[in-house]
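Q:
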Amino acid sequence: MNNDVPENAPSITLDKLPIEKDLSDFIYESIDASSFINVNAWSEFFDSIPVDPYIKDGYRYKAIAWFRIKHNKATAIKEIDERILAINKLSKMNEDESNQYTSNGKPTWKSEETGYECWNLPQYAMQQSILYNPVHGDMRREYPRISENIINSEDFHQLLIHYASFFGWSDAIVLVQFQRVDCFANRIGQPTVEGFHQDGNRHVGMLIVNRNNIANDSGVSQYVMDNNGKKTDDLIFNSVIPSGTLIYWNDKRVWHYGTDIKVADVNANGGRGTRDIIIMSAKTPPANMPMGPVKLQPE
Ligand SMILES: [Fe+2]
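Taking my numbering, the leading residue of the sequence shown gets 463, the next gets one more, and so forth.
(1) Distance, Cα to Cα, R522 vs K551?
(2) Name, in chain order, the residues that DSSP records as bridge partners for E579.
(3) Take F618 and list the residues in its own chain whose beta-carbon comes closer than 6 angstroms to its own, dropping the five residues that flank it on each side.
(4) Pick helix, strand or coil for P748, following the three-state DSSP scheme.
(5) Please report how far the alpha carbon of S683 lies from the alpha carbon of Y719, in whole angstroms.
(6) Going along the chain, which unbroken runs of the beta strand (DSSP E) with 3 or more residues stay wholly within the stretch 652 to 728?
(7) Can you grab the Cα-Cα spacing for the pair N663 / I650, in whole Å?
(8) Using 8 angstroms as the threshold, is the C-beta distance between D738 and F508 below it?
(9) What does DSSP give as the partner residues of M742 in its beta bridges?
(10) Say the cut is 7 angstroms; is the CB of H441 nearer than that to a heavy atom of ligand 1?
(11) Looking at the structure shown, is A414 part of a helix, part of a strand, or coil, going by DSSP?
(12) Is it the case that the stretch 730 to 749 contacts the stretch 658 to 675, given that we only count it when at least three CB pairs across the two stretches are under 8 angstroms?
(13) Can you tell me which residues fall inside 6 angstroms of ligand 1, judged by beta-carbon distance to its nearest heavy atom, and keep chain order?
(14) Is DSSP giving F498 helix, strand or coil here?
(15) Is it buried or exposed, D633, if we count other Cβ atoms within 10 angstroms and call 16 or more buried?
(16) Mind checking who S492 pairs with in its DSSP beta bridge?
(17) Since Q589 contacts P752 with CB under 8 angstroms, what's their CB separation in whole angstroms?
(18) Between the alpha carbons of I549 and E559, how many angstroms are there, rounded?
(19) Does the pairing of the stretch 510 to 522 with the stretch 725 to 732 give three or more beta-carbon distances under 8 angstroms?
(20) What I want to know is whether the C-beta of V702 ends up closer than 7 angstroms to one or more non-hydrogen atoms of ligand 2.
(21) For R642, tell me which candidate among K568, E506, E482, D600 has the shortest Cα-Cα distance.
(22) Does DSSP classify I481 as helix, strand or coil?
(23) Quick one: Cα of H533 to Cα of E544, how far?
(24) Would the beta-carbon of I608 fall within 8 angstroms of that of I526?
(25) With distances taken from CA atoms, which of N500, M687, W504, K518 is nearest V597?
(26) Taking all protein chains shown into account, do 16 or more other C-beta atoms lie within 10 angstroms of the C-beta of N556, making it buried, or fewer, making it exposed?
(27) Just to confirm before moving on: does the CB-CB distance between R603 and Y516 stay below 8 angstroms?
(28) Which of helix, strand or coil does DSSP assign to Y563?
(29) Just how far apart, CA to CA, sit I698 and M687?
(30) Please work out which residues of its chain come closer than 7 angstroms, Cβ to Cβ, to A471, disregarding the five sequence neighbours upstream and downstream, and give them in chain order.
(31) I'd like the span of the beta strand (DSSP E) that includes P755, first residue to last.
Put into structure tokens, the structure is as follows:
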């Protein structure tokens with residue numbers, strides 16, 4: 463913990479193809495992200511995220527963005543380029559523009575230190591397979607974009623690079639979700655609508671940005687082990703992850719859940735409590751790649 467450079471992670475350099483982290487013995491690891499990024503600077507943005515229209519009780523707020531992060535020494539994964547082109551086509555994007563988002567286009571930015579290159583992708587919808595999300599599976603969900611100020615900030619780039627370097631992938635699509643859940647004295651907030659679950663990723667990163675006026679014993683992160691595709695019962699992790707902490711977990715090995723959030727002090731903050739998090743999930747084929755077309759413009 464408390465390291466800039468992830469423990470047990472391969473060191474990633476400009477001139478060497480990364481060696482991917484061995485996930486067979488990896489369950490989870492938490493890192494103090496406040497040691498290398500100023501998480502507080504992103505707090506304000508959560509206030510401006512509109513309510514998630516797909517959650518009927520209205521306690522969730524979500525903004526997303528998609529990225530492709532590839533090491534400069536890695537050969538592009540063909541299926542990633544094909545997928546980007548296919549979704550761009552469904553979005554009625556012209557071919558020239560579409561090609562700019564593939565590995566043949568110019569990366570939006572590069573990390574000179576690690577050799578990772580990043581393409582900011584269009585505002586694809588989320589369209590998750592029903593295999594992974596019985597509540598929202600296969601439904602196309604459109605969300606607003608994370609603010610360009612954040613997306614273009616050095617700290618945000620550091621966060622993406624940290625995730626890529628921790629796992630040492632060669633080429634992946636990364637979905638980043640900024641998510642707030644709120645609660646009032648007479649209404650709890652549910653960080654995990656579907657209960658204990660997996661999302662069909664290989665690994666996930668979650669950064670807790672803020673816990674504001676919520677009870678200490680609420681919004682608790684919990685993991686149980688997977689047993690051949692089935693959830694087991696014993697909690698192997700059962701803790702409140704504090705603000706500024708980044709946790710990576712193996713989505714194949716564990717099922718995750720966040721307990722309901724409850725207001726700490728009904729007389730503070732207008733009786734409202736909030737929990738703000740960032741979720742990052744990298745997708746490399748044949749993994750679940752829940753990309754749907756961008757919002758169609760009226761003709
Ligand atoms: Fe999840």
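Glycine included, C-beta positions come from ideal geometry on N, C-alpha and C.
All values derive from a computational prediction rather than experimental measurement.
A: A quick look at the data gives this:
(1) 31 angstroms
(2) K532, K572
(3) I612
(4) coil
(5) 6 angstroms
(6) 665 to 674, 683 to 689, 692 to 701, 707 to 712, 716 to 720
(7) 28 angstroms
(8) yes
(9) V638, G667
(10) Outside the displayed range of the chain (463 to 761) lies residue 441, so it cannot be described from this structure.
(11) The requested residue 414 does not occur in the structure, where the chain is confined to residues 463 to 761.
(12) yes
(13) H659, D661, H718
(14) coil
(15) buried
(16) I709
(17) 5 angstroms
(18) 13 angstroms
(19) no
(20) Of the ligands this structure carries, namely ligand 1, none is ligand 2.
(21) E506
(22) coil
(23) 18 angstroms
(24) yes
(25) K518
(26) exposed
(27) yes
(28) coil
(29) 7 angstroms
(30) Note that A471 scores a pLDDT of 49, beneath 50, so its modelled location is shaky; the value from the coordinates is reported in the next line. If we look at A471 and ignore the five residues flanking it on each side, its Cβ neighbours are K483, S627, F628, G630.
(31) 753 to 756
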